[in-house]
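Chemist: Chains as they are written, first to last, in the working numbering: chain H, 7 to 293; chain Y, 11 to 333.
No residue lacks a Cβ here, since even glycine has one placed at the ideal position from N, Cα and C.
If you're wondering where the values come from, they're calculated on a predicted model, not measured in any experiment.
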Ligand SMILES: Nc1ncnc2c1ncn2[C@@H]1O[C@H](COP(=O)(O)OP(=O)(O)OP(=O)(O)O)[C@@H](O)[C@H]1O
Ligand SMILES: [Mg+2]
């Protein structure tokens with residue numbers, strides 16, 4: 007009996023210790039999420055249930071521009087980052103020089119600089135009157151990079167931010183592919199090109215998918231970069247959300263949040279699917 | 011056997027950054043010949059094989075196949091096929107796809123690929139394993155698939171890096187015989203790496219004994235065994251007694267070249283220290299003034315002796331190495 011009482015006490019203690027964290031989580035994460043979802047279906051004026059905010063987002067031409075534009079920027083960012091990161095990772099993995107080793111130890115460092123700092127630093131360089139412009143001016147050429155306040159600039163910044171992370175994931179995947187796999191493929195006559203498409207790519211496919219999902223997710227809801235150097239129309243959803251919020255269109259803002267959330271949820275699903283689905287060849291040998 | 015030289019290595023040196031590697035290697039392998047590289051772990055066997063396959067650039071020297079220098083060619087252009095020490099099958103491909111990969115690259119029609127794969131699998135006793143992935147097979151099975159994969163391509167020079175190391179004694183024997191058969195049937199030139207002297211003796215036309223990155227002796231298994239060129243080779247191959255009768259001169263006698271008689275008066279006298287039955291022969295250790303000597307006797311001969319008995323040793327074949 008005493009034993010049971012002890013266990014009871016322990017359980018109570020654990021609950022008591024967990025309670026604050028649990029309450030905070032419910033209070034500042036789960037409750038607002040539920041609240042947001044509900045609000046997005048409620049008419050601000052009448053308080054009646056409605057789909058008008060979603061209808062607006064997906065049918066109004068201007069609003070739809072924002073969504074399409076956001077997806078477009080995210081997809082381009084993912085594609086460009088992945089290609090550049092894969093090339094960098096291949097170089098880091100298969101080149102054995104001092105330069106590649108140095109890059110290998112340094113490439114993650116930019117991740118430790120706050121985004122805001124990086125953005126301002128890059129702005130001073132690529133601004134139409136910035137460093138690049140001044141260097142060209144010294145040679146008598148008035149070259150303007152034209153990278154600010156348009157899509158090119160946003161994508162460039164996104165790519166800069168995402169390359170270290172993507173490279174890290176791919177480097178890890180590539181170091182799991184032993185040299186000997188490449189060697190035996192070349193031994194039977196495969197060109198480097200074929201080795202890449204039939205050995206290296208399939209063997210790192212899963213990690214590539216995972217990196218893509220993460221980059222997509224973080225860019226679908228990005229705010230700082232487009233807010234600082236993006237253009238005025240169309241807007242990325244994060245900036246659009248802030249604008250509607252500033253206009254006190256809270257229910258429309260809620261609907262935008264839900265849309266952003268849904269895009270993330272789809273990518274999360276892709277992530278779980280690729281990560282959980284184990285192919286025959288990936289499972290450990292029964293031994 | 012054909013007298014034309016298929017593979018020749020001239021003055022080849024390959025040193026790794028840390029200074030390890032192989033130096034001044036000179037080898038000639040005739041067409042259809044099986045050469046083994048034999049030596050202890052770390053002596054540079056794999057290094058030589060990898061320079062032939064094109065996976066290592068040599069620092070100096072030439073590698074010729076049919077008289078053509080192939081040093082500048084990438085592995086995929088060389089007429090060689092290699093079975094790696096770690097067998098490395100491609101993990102994301104089934105056995106069938108592993109075997110088909112090289113054939114597809116050579117644009118061989120599908121039905122022929124299927125036929126050749128079936129034959130190859132039969133050869134290595136792996137029928138019915140087509141759909142398995144490497145991680146679903148034991149080390150020995152993977153090794154056999156790797157051997158089949160290389161044989162399928164009918165290379166001019168086949169490079170094998172301890173290809174039977176993961177196999178049990180029985181399959182190993184079978185595979186040796188199979189390899190010999192395939193090799194003579196297809197007239198392939200083979201360089202075979204092993205650290206197992208018995209395997210080298212059983213398989214080779216020519217054996218290369220290596221020591222710390224250089225060649226100690228090249229010869230037929232008979233020559234290597236009966237006429238070792240150095241004390242190192244004599245010691246490394248088979249069992250050998252060394253006695254220092256004169257200062258700085260070591261006489262080498264194989265245990266099977268010693269006759270034991272009762273009483274004194276032989277080339278060397280001593281007392282029986284131990285007698286051990288080892289199956290079809292008996293090993294006798296004799297305590298002499300020049301150290302312990304090992305002799306092999308047939309089972310019947312050994313019966314006559316007891317421990318502690320005074321005996322005389324007669325040497326029928328000796329070799330001297332001076333320091
Ligand atoms: N990539 C490398 N970098 C530096 N040193 C190496 C490298 N590969 C091998 N070595 C060294 O070169 C020497 C020869 O190695 P090698 O692999 O050729 O030996 P081996 O005769 O095949 O041995 P084993 O029977 O153990 O396979 C060894 O001393 C080894 O430590
Ligand atoms: Mg080796």
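#1: Specify the secondary structure class of residue 239 of chain H as computed by DSSP and reduced to three states.
#2: Could you check what DSSP says for residue 302 of chain H in three-state terms: helix, strand or coil?
#3: Between residue 178 of chain H and chain Y, is the shortest Cβ-Cβ distance under 9 angstroms, so that the two count as touching?
#4: Indicate, with yes or no, if ligand 1 has a heavy atom lying under 8 angstroms from the CB of residue 27 of chain Y.
#5: Quick check: what's the CA-CA separation for residue 109 of chain H versus residue 178 of chain H?
#6: When you measure from the CB of residue 30 of chain Y to every non-hydrogen atom of ligand 2, does any distance come out below 8 angstroms?
#7: Give the straight-line distance between the Cα atoms of residue 195 of chain Y and residue 101 of chain H, rounded to the nearest whole angstrom.
#8: May I have the straight-line CA-CA distance separating residue 64 of chain Y from residue 280 of chain H, to the nearest angstrom?
#9: Under a three-way DSSP split, which group does residue 260 of chain Y fall into?
#10: Quick one: what does DSSP say residue 18 of chain H is sitting in, helix, strand or coil?
#11: Decide yes or no for the touch test of the stretch 38 to 49 of chain H against the stretch 241 to 259 of chain H: beta carbon pairs closer than 8 angstroms, at least 3 of them.
#12: Which residues of the stretch 123 to 143 of chain Y have a Cβ closer than 8 angstroms to any Cβ of chain H? Give them in chain order.
#13: Starting from residue 129 of chain Y, follow the beta strand (DSSP E) in both directions and report where the run begins and ends.
#14: Tell me, which residues are paired with residue 74 of chain Y by DSSP?
#15: Would residue 146 of chain Y pass as an interface residue toward chain H - the criterion being a Cβ-Cβ separation below 9 angstroms?
#16: Return no unless some Cβ of chain Y is closer than 9 angstroms to the Cβ of residue 284 of chain H.
#17: Going by the CB atoms, is the gap between residue 45 of chain Y and residue 243 of chain Y shorter than 9 angstroms?
#18: Residues in its own chain within less than 6 angstroms of residue 37 of chain H by CB, not counting five upstream and five downstream?
#19: Indicate whether at least one CB of chain B lies closer than 9 angstroms to the CB of residue 99 of chain H.
#20: Flag residue 24 of chain Y as yes when its Cβ comes closer than 8 angstroms to any non-hydrogen atom of ligand 4, and as no otherwise.
#21: What are the residues that DSSP puts in a beta bridge with residue 285 of chain Y?
#22: Give me the DSSP bridge partner(s) of residue 221 of chain Y.
#23: Once DSSP output is grouped into helix, strand and coil, what is the label at residue 251 of chain H?
#24: For residue 92 of chain Y, go through chain H and note every residue whose CB falls closer than 7 angstroms to its CB, in chain order.
#25: Report the residue from Y:266, Y:171, Y:312 and Y:235 whose alpha carbon sits nearest the alpha carbon of residue 47 of chain Y.
#26: For residue 30 of chain Y, is the classification buried or exposed, using 16 other Cβ atoms within 10 angstroms of its Cβ as the cut-off for buried?
#27: By the criterion of Cβ-Cβ separation under 9 angstroms, what are the contact partners of residue 181 of chain H in chain Y?
#28: Could you work out which residues of chain Y lie near residue 106 of chain H, taking near to mean beta carbons separated by less than 9 angstroms?
#29: Any C-beta of chain Y sitting closer than 9 angstroms to the C-beta of residue 275 of chain H?
#30: Excluding the 5 residues preceding and the 5 following residue 240 of chain H in the sequence, name in chain order all residues of the same chain whose CB lies nearer than 6 angstroms to its CB.
#31: Under 8 angstroms Cβ-Cβ, which residues of chain Y neighbour residue 208 of chain H?
#32: Identify, in the order they occur along the chain, each residue of the same chain with its Cβ nearer than 6 angstroms to the Cβ of residue 329 of chain Y, setting aside the five sequence neighbours on each side.
#33: Per DSSP, residue 176 of chain Y is paired with what?
#34: Contact between the stretch 127 to 140 of chain Y and the stretch 98 to 112 of chain Y is defined here as three or more beta-carbon pairs at a separation below 8 angstroms; is this criterion met?
#35: For residue 23 of chain Y, which residues in the same chain have their Cβ closer than 8 angstroms to its Cβ, ignoring the five residues on either side in sequence?
#36: Among the candidates H:221, H:138, H:63 and H:196, whose CA atom is the shortest distance from the CA of residue 89 of chain Y?
Modeler: So, from the listed chains and residues:
#1: It is coil, neither helix nor strand.
#2: The first residue shown for chain H is 7 and the last is 293, placing residue 302 of chain H beyond what the model contains.
#3: Chain Y, which has no Cβ nearer than 9 angstroms to the Cβ of residue 178 of chain H, makes this no.
#4: It does: the Cβ of residue 27 of chain Y is within 8 angstroms (strictly closer) of some heavy atom of ligand 1.
#5: Cα-Cα distance, rounded: 15 angstroms.
#6: Taken from the Cβ of residue 30 of chain Y, every heavy atom of ligand 2 lies 8 angstroms or farther away.
#7: The alpha-carbon atoms of residue 195 of chain Y and residue 101 of chain H are separated by roughly 42 angstroms.
#8: Distance between the alpha carbons of residue 64 of chain Y and residue 280 of chain H is about 37 angstroms.
#9: Three-state DSSP puts residue 260 of chain Y in a strand.
#10: Helix.
#11: Three or more pairs of CB atoms, one per stretch, sit closer than 8 angstroms, so the stretch 38 to 49 of chain H contacts the stretch 241 to 259 of chain H.
#12: Those residues of the stretch 123 to 143 of chain Y placed with their C-beta closer than 8 angstroms to a C-beta in chain H are 143, ordered along the chain.
#13: Element bounds for residue 129 of chain Y: not the beta strand (DSSP E) but the alpha helix (DSSP H), 120 to 133.
#14: Y:18 and Y:79.
#15: Yes - at least one Cβ of chain H is within 9 angstroms of the one on residue 146 of chain Y.
#16: With 9 angstroms as the cut-off, residue 284 of chain H does not count as an interface residue toward chain Y.
#17: Going by C-beta atoms, residue 243 of chain Y is not nearer than 9 angstroms to residue 45 of chain Y.
#18: In the same chain as residue 37 of chain H, and ignoring 5 residues on each side of it, no C-beta atom comes closer than 6 angstroms to its own.
#19: The structure shown contains no chain B; its protein chains are H and Y.
#20: Among the ligands modelled here, namely ligand 1 and ligand 2, ligand 4 does not occur.
#21: BP columns for residue 285 of chain Y point to Y:294.
#22: BP columns for residue 221 of chain Y point to Y:224.
#23: The answer is helix: DSSP assigns residue 251 of chain H an H, G or I state.
#24: In chain order: 193.
#25: Of Y:266, Y:171, Y:312 and Y:235, the residue nearest in Cα terms is Y:171.
#26: By the C-beta density criterion, residue 30 of chain Y is exposed, having fewer than 16 other C-beta atoms within 10 angstroms.
#27: The premise fails here: residue 181 of chain H is roughly 15 angstroms from chain Y at the closest Cβ pair, so nothing lies under 9 angstroms.
#28: Residues of chain Y passing the Cβ test: none, with the nearest at roughly 15 angstroms.
#29: So no, residue 275 of chain H is outside the interface.
#30: Here the set comprises 71, 72 and 75.
#31: Chain Y residues near residue 208 of chain H: 102.
#32: Around residue 329 of chain Y: 262.
#33: Answer by DSSP bridge pairing: none, since residue 176 of chain Y is not bridged.
#34: As far as the Cβ criterion goes, the stretch 127 to 140 of chain Y touches the stretch 98 to 112 of chain Y, which means the pair count is three or higher.
#35: Excluding sequence neighbours, residue 23 of chain Y sits near 31, 32, 33, 34, 35, 68, 69, 70 and 71.
#36: It is H:196.
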